[in-house]
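In what follows, a single structure is set out as structure tokens and then discussed.
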Amino acid sequence: MSRFKLYFGVFATLILFNSCVDQIDFPLNRGVEKLIVFGQLNNLDEDKFVMLSETTSADREPLFSGQYLVLNDLPRPVTNANVFVVNTQNQRFSLNQVEPGKYMLPRSVQIREDVGYFVEIQIEGKTYRSEPEQMPAAVGTDEVSYEFSRGVFDNDPDRAFISIISDVTLPDSENPYYLRWDVDEAYYWNLTFFPNPFNRAPPDCYVFGFPDPERLPLFSGESVRAGLNSSSQLLAQRIVDESFLSRHYFNVRQVSISRDAFRYWSRVKDLVNNTGSVFDIPPAPVRGNVRNSANPDEVVLGYFEVARISQERIYTTRADVPFFISEVCTYSPERPITDYPVTCLRCSEFPNSTNDTPHWWFDQ
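Numbering (our numbering), first residue to last: 75 to 438.
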């Protein structure tokens with residue numbers, strides 16, 4: 075599994091899973107629903123995704139949840155769309171909806187480097203298209219490391235946290251280049267092992283997320299002075315908690331993008347700095363590169379990008395952590411089952427989790 079909260083966020087939850095688009099909510103101007111599009115084509119051998127959702131208006135019908143009707147401002151998935159990836163040689167590839175609002179292009183579709191690509195979306199008689207983009211020619215590499223520290227974090231003066239750092243080798247290119255880093259995490263979670271007649275252990279549990287959704291590292295090659303071929307980047311920080319009791323991965327993607335995509339993410343970063351998180355409600359929408367073909371004045375949010383990616387992974391184990399970590403799920407015969415957090419009982423309590431071991435888990 076890879077990354078693009080994307081997912082930054084189209085939905086309120088992170089979408090993981092072989093996509094690298096971070097997701098962003100724009101629940102603005104409640105009287106007019108707005109389409110949100112996020113997607114990415116890249117050079118990696120993985121399934122590609124386009125995420126479709128829409129903002130909610132003031133008169134939107136409530137959601138039915140269990141026995142209750144619920145009102146909320148979260149973007150809702152668009153499930154009735156026909157989605158295509160098209161290149162500038164008129165090759166068209168249809169995407170299949172695999173989850174509500176999540177449309178997949180299989181990894182068997184090879185993304186060519188010599189042509190441009192755009193997304194075409196058909197919804198209720200309307201057609202939306204992005205501006206064509208071609209895969210950038212160059213991307214750098216990352217030498218990823220981590221540092222454990224104790225100090226001020228989230229206004230707590232004595233907090234244990236980890237920093238993910240990269241010594242970046244910049245692209246070898248005479249042309250301008252534009253970089254963004256996406257970081258996601260995956261860790262093994264130890265469910266409580268309750269004694270049983272068969273001595274059967276609980277199932278494996280792997281949890282996925284984003285360690286630092288407030289951070290959006292960007293780098294423009296336009297400002298690089300002659301002869302500079304490296305840079306150091308702080309990519310993510312997060313607190314040290316029970317998730318570090320077992321193997322804890324950080325997956326780093328250096329994403330080479332177009333100038334227009336860089337400008338889009340720069341505007342998003344400015345809004346994040348003003349509001350505190352890519353998951354907070356921005357004060358104004360950031361228009362991307364998707365337009366209504368018949369009504370270009372319609373505001374469409376999000377971005378569909380074509381990128382070149384280099385990827386690195388690093389992990390920690392319990393032995394690497396220089397701090398004491400309490401074990402919240404350890405079994406005790408004196409402890410009633412109601413005293414265990416629900417995440418100690420069922421892996422599914424985590425929003426993004428699985429019992430299946432990722433295929434790359436033991437590669438390192």
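Where is the CB? At the ideal position from N, CA and C, for every residue including glycine.
By alpha-carbon positions, which one of the options ends up nearest to residue i?
i    : options                   : result
E194 : T390, N264, N366 and D371 : N366
S223 : F282, D278, R312 and C279 : R312
Y220 : V183, Y261 and D394       : D394
F378 : P285, R321, T153 and M209 : M209
P401 : D216, A155 and Y414       : Looking at the sequence shown, residue 401 is not Pro but Glu. Looking at the Cα atoms, Y414 is the closest of the given residues.
S204 : E423, V374, F424 and T431 : V374
D334 : E207, T243 and Y177       : E207
K122 : D216, Y177, A275 and D258 : Y177
R186 : F397, V380 and W435       : V380
S306 : R337, P149, S237 and P231 : S237
Helix, strand or coil, according to DSSP, for residue i in the structure here?
i    : result
V352 : Since pLDDT at V352 reaches only 49, below the 50 mark, its modelled position is unreliable, and the value read off the structure follows with that caveat. Three-state DSSP puts V352 in coil, outside helix and strand.
I399 : coil
N347 : helix
R341 : helix
P425 : coil
T130 : coil
S247 : coil
G190 : strand
L102 : In this prediction, L102 has a pLDDT of 44, which is less than 50 and means its spatial position is unreliable; what the coordinates show is noted afterwards. Residue state, collapsed to three classes: coil.
R361 : strand
F378 : strand
I185 : coil
F267 : coil
Q97  : For Q97, the pLDDT reaches just 45, beneath the cut-off of 50, and the residue's location in the model is therefore unreliable, leaving the point undetermined.
Y150 : The sequence shown places Arg at residue 150, rather than the Tyr named in the question. Looking at R150 - three-state DSSP - the assignment turns out to be strand.
Report the rounded CA-to-CA distance for residue i versus residue j, giving the unit in angstroms.
i    : j    : result
G199 : A368 : 10 Å
A260 : V281 : 6 Å
N192 : I411 : Residue identity check: residue 192 is Phe in the sequence provided, not Asn. Going by the C-alpha atoms only, they are around 53 Å apart.
Q171 : T153 : 8 Å
S427 : E248 : 43 Å
D339 : P370 : It should be pointed out that residue 339 corresponds to Trp in this sequence rather than to Asp. For W339 and P370, the distance between alpha carbons rounds to 21 Å.
F235 : N229 : 13 Å
F336 : V364 : 15 Å
F227 : V314 : 11 Å
In chain order, what residues of the same chain have a beta carbon less than 7 Å from the beta carbon of residue i, not counting five sequence neighbours either side?
i    : result
L319 : N264, R392, I399 and E401
V213 : P245, Q328, S330, R382, I383 and S384
V183 : F167
R289 : A310
Y405 : T266, F267 and F268
D344 : none
E217 : S240 and D241
Below 6 Å CB to CB, which residues in the same chain sit around residue i once its five sequence neighbours on both sides are set aside?
i    : result
P277 : N429
Q118 : According to the sequence displayed, residue 118 carries Leu and not Gln. Cβ within range, chain order: I383.
V189 : N161, T162 and Q163
I197 : A155
F158 : R166, S168 and E194
F293 : L253
L115 : K122, I185, Y191 and V380
Less than 8 Å between C-beta atoms, sequence neighbours within five positions excluded: which residues of the same chain meet that for residue i?
i    : result
R341 : V360
T431 : D278 and Y280
S304 : D241, V242, T243 and L244
Are there three or more Cβ pairs, one per stretch, closer than 8 Å when the segment 418-429 is compared with the segment 255-270? The segment 418-429 is in contact with the segment 255-270.
I want to know whether the segment 322-336 touches the segment 386-393 - three or more CB-CB distances under 8 Å. The way I'd put it, the segment 322-336 does touch the segment 386-393; three or more beta-carbon pairs between them come closer than 8 Å.
Touch test, the segment 245-262 against the segment 329-343, Cβ-Cβ under 8 Å, three pairs minimum: Yes, the segment 245-262 touches the segment 329-343.
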